[in-house]
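Asker: Starting off with a structure, shown below.
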């Protein structure tokens, strides 16, 4: 993932939820995203999985790659195939 930025447009205002998020997860590695409440953990994970509600949210910059495939811009059905099969998603519980 390189320079990922996700924004939310509410009324005429634009809010950056995450900005310039860059990291790499290599084969055999596991990643946990941790941080304080409101720090962007959920928005980061939802952005990677193309699950940001649009509108009001959208990925405004950056790229997310899985192996040799760019994930941003894939069709809903293609992303659905990848989620769970290629990379599992565990949603937080309260």
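Numbering (my numbering), first residue to last: -9 to 84. Think of the CB as a built atom: it goes at the ideal place given N, C-alpha and C, for glycine as much as any other residue.
Considering Cα atoms alone, identify which of 71, 50, 76, 46 is closest to residue 2.
Answerer: One-based indexing of the chain shown puts residue 2 at position 12. Answer by Cα proximity: 46.
Asker: Look at the alpha carbon of residue 31 and the alpha carbon of residue -4, and state the distance between them as a whole number of angstroms.
Answerer: Taking the chain shown and counting its residues from 1, the one referred to as residue 31 is at position 41. Taking the chain shown and counting its residues from 1, the one referred to as residue -4 is at position 6. Roughly 12 Å between the two C-alpha positions.
Asker: What does a CB cutoff of less than 6 Å around residue 33 pick up in its chain, not counting 5 residues either side in sequence?
Answerer: Sequence index remark: in the chain shown, residue 33 carries index 43 (1-based). Cβ within range, chain order: -4, 7, 8.
Asker: Starting from residue 35, follow the alpha helix (DSSP H) in both directions and report where the run begins and ends.
Answerer: By 1-based counting over the chain shown, the position of residue 35 is 45. Residue 35 -> alpha helix (DSSP H) spans 31 to 38.
Asker: Quick one: grab the DSSP three-state call for residue 48.
Answerer: Here residue 48 is taken as the residue at index 58 of the chain shown, counted from 1. Correct three-state label for residue 48: strand.
Asker: Roughly how many whole angstroms lie between the Cα atoms of residue 61 and residue 14?
Answerer: Translated into positions along the chain shown, residue 61 becomes position 71. Translated into positions along the chain shown, residue 14 becomes position 24. Near 14 Å, if we compare the C-alpha coordinates of residue 14 and residue 61.
Asker: When you compare only the Cα positions, how much space is there between residue 35 and residue 22?
Answerer: Looking up residue 35 in the chain shown gives position 45. Looking up residue 22 in the chain shown gives position 32. Distance between the alpha carbons of residue 35 and residue 22: 10 Å.
Asker: Where residue 48 and residue 42 are concerned, what is the direct C-alpha to C-alpha distance, given to the nearest angstrom?
Answerer: The sequence position of residue 48 within the chain shown is 58, counting from 1. The sequence position of residue 42 within the chain shown is 52, counting from 1. Their backbone Cα atoms lie some 7 Å apart in a straight line.
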